[in-house]
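As you go down the protein sequences, you meet chains Y and X in turn.
Numbering follows numbering that gives the first Met the number 0, in which position 55 of the first sequence is assigned residue number 54; successive positions increment by one, without gaps.
Numbering follows numbering that gives the first Met the number 0, in which position 20 of the second sequence is assigned residue number 19; successive positions increment by one, without gaps.
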Amino acid sequence: MINLIPPVAKRAMLREYWQRVALVWLLCLCGCMVLAGLLTAPSFVLVQSQLQAYQSQVQSAAAMASEQDALAETITTTNEQAATVLAAGQVPSMTAYLEQVRALANQGITISRIEVVRADTSISEVVVSGVADTRVSLTTFANRIESSPQFSEASVPLENLAANEDIAFTLQIAVTPAS
Amino acid sequence: MTATTRRLLVVLIITAGMAAGLLVVVLQLQSRAVALEEALQTIANQAAVEREFAALSELLERTSQERAQITEYFVVGQAGSIAFLDQVEALAAAEAIELTNPRLTTGESTSLNSPVIQLTYNFAGTEVAVNRFIALLEQVPVASYLAALSFAIQEPPGGAPQVTGSFTIHAVTTNLDV
């Protein structure tokens with residue numbers, strides 16, 4: 000009998016059929032979503048109510064954590080300051096080098112100028128100018144300085160040794176790096 | 000348009016709306032669940048946080064004097080810089096050293112990893128006094144060090160050796176803007 004239906008009507012019927020099938024499936028889907036929504040609702044309400052219940056506790060915990068951060072910051076700052084004070088206390092003193100140079104100046108050496116050169120916090124060089132009575136007293140002074148553990152080298156410029164007496168000299172004394 | 004097509008369209012729109020609504024609900028639930036989890040974690044950690052907080056508070060209270068003492072080693076702000084200048088000048092005056100041409104700048108000490116004030120003076124005095132002054136300058140109870148020192152010694156006939164020169168002292172500073 001279906002073969003008696005004209006093709007146009009047959010197509011319309013088929014379309015109608017599939018539309019109804021889709022409609023049924025969509026309605027089923029809607030039903031599922033309503034069910035899912037209804038099942039979700041208790042969880043939603045529970046989570047929301049728990050959040051509200053714990054809110055004050057969480058706020059006080061957060062405030063305490065923030066205060067704790069401030070305390071930790073104070074301790075960090077103090078530690079840094081203590082480290083700086085300690086480091087500043089370990090900066091080598093110039094006085095020790097000056098006293099050593101003066102103590103090493105033998106008979107016949109008159110010091111007229113001293114310059115202490117510091118590279119950042121360590122002393123790198125001491126420049127001593129003066130007058131030596133003789134070549135021997137100048138070289139003795141340089142040798143005494145070089146034999147001192149505080150200094151590593153005392154170079155006498157060659158031109159300083161040209162004269163035999165009343166020699167104006169400039170000694171560049173390299174300082175032994177602090178271990 | 001047939002009645003079925005119209006119904007299908009209406010149901011389609013309703014389905015889309017419901018899907019969107021359900022998606023929103025699920026996302027909201029998820030974000031609240033995450034927030035709740037964090038809240039529970041925070042509350043669970045609170046006892047430990049309270050213990051640590053009490054320990055830190057006690058430590059800070061116990062070391063308040065020491066911390067105050069450490070702060071005294073720093074030149075704090077402009078007022079501190081002025082006090083430091085006064086201290087150096089008072090030290091010089093006590094040793095009969097004449098200080099001239101003061102220069103004050105700021106810089107950074109790489110070794111100490113701190114900002115410093117750089118104070119330079121020319122000085123003049125007897126050799127004995129200058130030696131004492133330099134030694135005292137290096138013992139000032141401030142986180143500081145002599146950064147540069149040069150001087151010339153002159154021996155006037157029949158008089159005590161006179162020293163003229165200049166020095167630069169670096170002092171660790173904090174809060175220069177204060």
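Cβ coordinates follow ideal geometry from the N, Cα and C atoms, glycine included.
Unbroken stretches of the beta strand (DSSP E), 3 residues or longer, contained in the stretch 21-79 of chain Y: none
Endpoints, the alpha helix (DSSP H) within which VAL33(X) is located: 2-61
Under 9 Å (Cβ pairs) to chain X, residues found in the stretch 98-129 of chain Y: GLU98, ARG101, THR109, ILE110, SER111, ARG112, ILE113, GLU114, VAL115, VAL116, ARG117, ASP119, THR120, SER121, VAL126, SER128, GLY129
Where do the N-terminal and C-terminal ends of the beta strand (DSSP E) with ALA146(X) fall, by residue? 143-153
Would the beta-carbon of LEU148(X) fall within 9 Å of that of PHE132(X)? no
Based on the DSSP output, what are the partners of TYR120(X) in its beta bridges? PHE166(X)
Going by C-alpha distance, which of GLN58(Y), MET63(Y), SER59(Y) is nearest ALA54(X)? MET63(Y)
Spatial neighbours of THR125(X) within its chain, please: C-beta separation below 8 Å, excluding the five flanking residues on both sides. ALA95, ALA159, PRO160, GLN161, VAL162
Using a threshold of 9 Å, state whether the C-beta atoms of LEU7(X) and ALA35(Y) are closer than that. no
What residues from chain X crowd round ARG10(Y), counting only those whose CB sits closer than 9 Å? The contacting residues do not exist; ARG10(Y) stays about 13 Å from chain X at best.
Using a threshold of 9 Å, state whether the C-beta atoms of LEU135(X) and THR119(X) are closer than that. no
Chain-order list of residues whose beta-carbon lies under 6 Å from that of ALA123(X) (same chain, five-residue window excluded): GLU97, THR163
Beta carbon of VAL46(Y) nearer than 9 Å to that of LEU35(X): yes
Since SER113(X) and THR120(Y) are thought to touch, with beta carbons under 8 Å apart, how far apart are those beta carbons, to the nearest angstrom? Not quite, the Cβ-Cβ distance comes to about 11 Å (not below 8 Å), so this is no contact.
Measure from the alpha carbon of VAL129(X) to the alpha carbon of each residue in THR94(Y), LYS9(Y), LEU50(Y), then state which is nearest. THR94(Y)
Considering only the alpha carbon of each residue, which of GLY20(X), VAL171(X), THR99(X), VAL10(X) lies closest to LEU111(X)? VAL171(X)
Using a Cβ-Cβ distance cut-off of 9 Å, determine whether THR83(Y) contacts chain X. yes
In this structure, does DSSP put LEU13(Y) in helix, strand or coil? helix
Which residues in the same chain as THR169(Y) place their Cβ atom closer than 6 Å to its Cβ, once the five residues preceding and following it in sequence are excluded? SER128
Which of the three DSSP states is assigned to ASN163(Y) in this structure? coil
For the structure I just gave you, are there three or more beta carbon pairs, one from the stretch 55-75 of chain Y and one from the stretch 43-54 of chain X, closer than 8 Å? yes
Within-9 Å CB hit, VAL33(Y) to chain X: yes
Could you name the residues of the stretch 142-154 of chain X whose beta carbon sits closer than 7 Å to any beta carbon of chain Y, in the order they occur along the chain? ALA142, SER143, TYR144, LEU145, ALA146, ALA147, LEU148, SER149, PHE150, ALA151, ILE152
Starting from the C-beta of LEU103(Y), find all residues in its chain whose C-beta is less than 8 Å away, skip the five residues before and the five after it, and write them out in chain order. PHE140, ARG143, ILE144, SER147
Taking any Cβ of chain X, which residues in the stretch 12-44 of chain Y have a Cβ under 8 Å from it, in chain order? GLU15, GLN18, ARG19, ALA21, LEU22, LEU25, LEU26, LEU28, CYS29, MET32, VAL33, ALA35, GLY36, THR39, SER42, PHE43
Less than 9 Å between the C-beta atoms of ILE152(X) and ILE122(Y), yes or no? no
At least one CB of chain Y closer than 9 Å to the CB of PHE122(X): is that the case? no
Select from ARG19(Y), TRP24(Y), VAL44(Y), LEU25(Y) the residue whose C-alpha is nearest the C-alpha of VAL24(X). VAL44(Y)
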